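*Asks:* Each residue of the sequence shown is one higher than the last, beginning at 8 in this note's numbering. Dumping the structure here so I can ask a few things about it.
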Amino acid sequence: MPTCLICNNNYAPFISFGTMPIANNFLRPDQLDEEYFFELQVGICLNCYMVQLVNQPSREMMFHEDYAYYSSTSVRQVIHFKNFAESVIKDYCKSNNPFVVELGSNDGIMLQNFANAGIRHLGIEPSKNVAQVAIKKGINTICDFFDEKLAMEIIKDNGMADIIQAANVLCHIPYIHSVIEGIKTLLKPDGFFIFEDPYMVDILEKTSYDQIYDEHVFYFSISSVKFLFEQHNMELVDIKPLKVHGGSMRYFIAHKCKKSVSSRVKEQSDKESGMGLHSQTIYNNFKQNVEKSKSDLIQLLKYVHLEQGKRIVGYGATSKSTTITNYCGINTSLVEFICDTTPSKQGKFNPGTHIPVKPYHEFSDNYPDYALLFAWNHAEEIMAKEGKFHESGGKWITYVPKVQVLE
Ligand code: SAH
Ligand code: TYD
């Protein structure tokens, strides 16, 4: 039985997706024969309620000098982080010469707002290519993995932080205890650690199983986050549900007994308990929903392409789509190519099922009959700009919250 990364309890996996490649490892033609695969399984520890990956590839295999995810490819995400940064500046940057640190700062999507406002800031970003983009924008960045040791070095050079932020990062880190000890050391006594990640309740409710891949080690809920930070004498003091990434939660953490705790924390925690998040059944049901979603999707794609002879193109070479294509066995016999706006993904092949990734114009120059919406979490942004595809008679296929053709 695997051992919980949070509390060392033993737990049993509730779902297995078989072997999977590294989700963001888009391949050059000469790399197609040398892929790494691992067993993708998830379990819930019923002692601390943390839902987690059973096996994790090494961090260096995922985060390196050729990391495929550039945060700023989504205009809505740029706006999301701008709005957030403005609220942080207004509410929390009141001390004389405040210092803001961000973990997983990527291409500077968030910190550029602090840099532009002349606020002292530092990004920690181990993936060199995206860190370089931020550095070129004038954002102070250390290219390394954050942990307890690095926190000490940051303090030595900069002093303690008023605010530490992390978006879609904490859930990526299996050595999370070292990261939280680092945060605890680096954060001023009255500071806040504010982080956001995809929320377990949304994943369960939407059967968005494509959130499950190598980088996402943890699937947080209020209960598991509370347990985790209490182990480090820190406290969850407030929460804010977010629409981004298909449903996320923002968590506000403070040193123990330093801030009042919002009633929202207990309300949401009670809601989770009422939904059955603390017992096995809901996860077993999720497994059944995932299996149904898989068979519905394969059936639809086969009907549309093999029986009706229609062209299907994937929209957005997301890391999430690696789970979908590999688990459902979707390859070029069903999907012609995947279009994506990220230059470094173009001309490559998607991990595992080797569907070519092509520039966006290949989609718009010759619209397919159906677009399989792999970037469903950006649906609003995409629908707003794809009127012409719709006018050309094109239809969208989605699988979240259920498999359907959007009319
Ligand atoms: N915050 C951005 C990027 C999220 S992707 C956004 O929300 O869009 C996750 C990022 O975390 C990657 O850029 C990865 O390189 C970085 N990362 C992974 N492990 C890390 C660690 N230990 N410390 C800091 N960043 C880390
Ligand atoms: P996203 O869903 O944010 O991430 P993940 O990799 O975490 O699953 O990925 C967005 C991807 O979709 C990225 O490769 C860029 C691409 N994309 C487009 O091609 N066009 C668009 O309009 C948008 C919003 C994204």
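Glycine included, every Cβ here is placed at the ideal spot set by N, Cα and C. A quick note: this is a predicted structure, and the numbers were derived from the prediction, not measured.
1. CB of G111 to nearest heavy atom of the ligand SAH: below 7 Å?
2. Are the beta-carbon atoms of V410 and M207 separated by less than 8 Å?
3. Over what stretch of residues does the beta strand (DSSP E) that includes Y258 continue unbroken?
4. Can you tell me where the alpha helix (DSSP H) with V137 in it begins and where it stops?
5. Could you tell me which residues DSSP puts in a beta bridge with S23?
6. By the 10 Å Cβ neighbour count, where 16 or more other Cβ atoms means buried, how is A168 classified, buried or exposed?
7. Going by DSSP, what residue range makes up the beta strand (DSSP E) through Q315?
8. Quick check on the DSSP output: the alpha helix (DSSP H) that includes R127 runs from which residue to which?
9. Determine the extent of the beta strand (DSSP E) in which Y377 is found, giving its start and end residues.
10. Helix, strand or coil, according to DSSP, for I246 in the structure here?
11. Starting from V186, trace the alpha helix (DSSP H) in both directions and tell me its first and last residue.
12. Under DSSP, the beta strand (DSSP E) around D169 begins and ends at which residues?
13. Distance, Cα to Cα, D372 vs S326?
14. Check each candidate in T349, I404 and H397 and name the one with the smallest Cα separation from Y77.
15. Using 8 Å as the cut-off, can you tell me whether the segment 195-205 makes contact with the segment 26-39, which would need three or more C-beta pairs spanning the two stretches below that distance?
16. Is the CB-CB distance between V311 and F344 below 8 Å?
17. How many angstroms separate the CA atom of M241 from the CA atom of F356?
18. Are the CB atoms of M69 and D221 within a distance shorter than 8 Å?
19. Out of L235, A138 and P181, point me to the one whose CA is closest to V224's CA.
20. Can you give me the Cβ contacts of Q172 inside the same chain, cut-off strictly under 6 Å, excluding the 5 residues immediately before and after it?
21. If you draw a straight line from the C-alpha of T360 to the C-alpha of N338, how long is it?
22. Using only the heavy atoms of the ligand SAH, determine whether one of them is closer than 7 Å to the beta carbon of E132.
23. Are the beta-carbon atoms belonging to R318 and P248 less than 8 Å from one another?
24. I need the DSSP call for C178, collapsed to helix, strand or coil.
25. For the beta strand (DSSP E) containing E109, name the first residue and the last one.
26. Does the Cβ of Q306 have 16 or more other Cβ atoms within 10 Å, making it buried, or fewer, making it exposed?
27. Check whether the Cβ of V82 lies closer than 7 Å to any heavy atom of the ligand SAH, and answer yes or no.
28. Does any heavy atom of the ligand SAH sit closer than 7 Å to the C-beta of A141?
29. Could you tell me the boundaries of the beta strand (DSSP E) in which I13 lies?
30. Use the C-beta contact count for V412: other C-beta atoms within 10 angstroms, 16 or more gives buried, fewer gives exposed.
31. Taking only heavy atoms of the ligand SAH into account, decide whether any of them is closer than 7 Å to the Cβ of K78.
32. Which residues in the same chain as S399 place their Cβ atom closer than 6 Å to its Cβ, once the five residues preceding and following it in sequence are excluded?
33. Can you tell me which residues form a DSSP beta bridge with L60?
34. On the premise that D217 lies in contact with I331, defined as a C-beta separation below 8 Å, what is that separation, rounded to the nearest angstrom?
35. I'd like to confirm something about T214: is its beta-carbon nearer than 7 Å to some heavy atom of the ligand TYD, or not?
36. I want to check one thing, is the minimum distance from the CB of V107 to the heavy atoms of the ligand SAH below 7 Å?
*Replies:* Put simply:
1. What you label residue 111 is simply residue 104 of the sequence shown in a count that begins at 1. Answer for G111: yes, Cβ within range of the ligand SAH.
2. In the sequence shown, counting from the first residue as 1, residue 410 sits at position 403. In the sequence shown, counting from the first residue as 1, residue 207 sits at position 200. Their beta carbons are not under 8 Å apart, which means V410 does not touch M207 by this criterion.
3. Taking the first residue of the sequence shown as position 1, residue 258 is located at position 251. Taken as a continuous stretch (DSSP letters only), the beta strand (DSSP E) holding Y258 covers S255 to H262.
4. As a first step, residue 137 must be located in the sequence shown, where it is residue number 130. K135 to K143 is the extent of the alpha helix (DSSP H) around V137.
5. For the purposes of this step, residue 23 is identified with residue 16 of the sequence shown, where counting begins at 1. The partner list for S23 (beta bridge, DSSP) reads Q48.
6. To locate residue 168, count along the sequence shown from 1; it is residue 161. Buried, by the Cβ-count rule.
7. Counted from its first residue, the sequence shown places residue 315 at position 308. Element bounds for Q315: n/a, residue is neither H nor E.
8. The residue you call residue 127 lines up with position 120 of the sequence shown. Segment R127 to I131 is the beta strand (DSSP E) holding R127; no alpha helix (DSSP H) there.
9. The residue given as residue 377 occupies position 370 in the sequence shown. Note, Y377: beta strand (DSSP E), Y377 to L380.
10. On the sequence shown, residue 246 is found 239 positions in, with the first residue counted as 1. Correct three-state label for I246: strand.
11. Position 179 of the sequence shown, counted from the start, is the residue given in the question as residue 186. It spans I183 to L193 - the alpha helix (DSSP H) in which V186 sits, taken as one unbroken run.
12. As a first step, residue 169 must be located in the sequence shown, where it is residue number 162. From DSSP, the beta strand (DSSP E) with D169 extends over A168 to A174.
13. Counted from its first residue, the sequence shown places residue 372 at position 365. Counted from its first residue, the sequence shown places residue 326 at position 319. Near 25 Å, if we compare the C-alpha coordinates of S326 and D372.
14. Taking the sequence shown and counting its residues from 1, the one referred to as residue 77 is at position 70. Among T349, I404 and H397, the Cα nearest to that of Y77 is on T349.
15. no
16. To locate residue 311, count along the sequence shown from 1; it is residue 304. To locate residue 344, count along the sequence shown from 1; it is residue 337. Going by C-beta atoms, V311 is not nearer than 8 Å to F344.
17. Residue 241 sits at position 234 when you count from the first residue of the sequence shown. Residue 356 sits at position 349 when you count from the first residue of the sequence shown. So the two alpha carbons sit approximately 43 Å from each other.
18. What you label residue 221 is simply residue 214 of the sequence shown in a count that begins at 1. What you label residue 69 is simply residue 62 of the sequence shown in a count that begins at 1. Yes, these two residues count as a Cβ contact at 8 Å.
19. Looking up residue 224 in the sequence shown gives position 217. Measuring from the Cα of V224, the nearest candidate turns out to be P181.
20. Counted from its first residue, the sequence shown places residue 172 at position 165. Same-chain partners within the cutoff: E109 and I201.
21. Residue 360 sits at position 353 when you count from the first residue of the sequence shown. Residue 338 sits at position 331 when you count from the first residue of the sequence shown. Approximately 5 Å between the Cα atoms of the pair.
22. To locate residue 132, count along the sequence shown from 1; it is residue 125. Yes, the ligand SAH has a heavy atom inside 7 Å of this Cβ.
23. Locating residue 318 in the sequence shown gives position 311, where the first residue counts as 1. Locating residue 248 in the sequence shown gives position 241, where the first residue counts as 1. Cβ atoms of R318 and P248: not closer than 8 Å.
24. In the sequence shown, residue 178 corresponds to position 171, counting from 1. Three-state result, C178: helix.
25. Stepping through the sequence shown from its first residue, residue 109 is reached at position 102. Per DSSP, E109 belongs to the beta strand (DSSP E) from F106 to L110.
26. The sequence position of residue 306 within the sequence shown is 299, counting from 1. Per the 10 Å Cβ criterion, exposed.
27. For the purposes of this step, residue 82 is taken as the residue at position 75 of the sequence shown. Not under cutoff, so the answer is no.
28. Start at 1 with the first residue of the sequence shown, and residue 141 comes out as number 134. Every heavy atom of the ligand SAH is 7 Å or more from the Cβ of A141, so no.
29. The residue given as residue 13 occupies position 6 in the sequence shown. Neither: I13 is in no beta strand (DSSP E) and is coded neither H nor E.
30. For the purposes of this step, residue 412 is identified with residue 405 of the sequence shown, where counting begins at 1. Exposed: under 16 other Cβ atoms inside 10 Å.
31. On the sequence shown, residue 78 is found 71 positions in, with the first residue counted as 1. Residue 78 is actually Ser in this sequence, not Lys. Within the cutoff, so yes.
32. On the sequence shown, position 392 is the one that residue 399 refers to. These residues qualify, in order along the chain: Y374.
33. Translated into positions along the sequence shown, residue 60 becomes position 53. For L60, which the question treats as bridged, DSSP gives the partners V49.
34. By one-based count along the sequence shown, residue 331 stands at place 324. By one-based count along the sequence shown, residue 217 stands at place 210. About 5 Å separates the two Cβ atoms, so the contact holds.
35. Counted from its first residue, the sequence shown places residue 214 at position 207. Answer for T214: no, Cβ out of range of the ligand TYD.
36. Within the sequence shown, the letter at position 100 stands for residue 107. Answer for V107: no, Cβ out of range of the ligand SAH.
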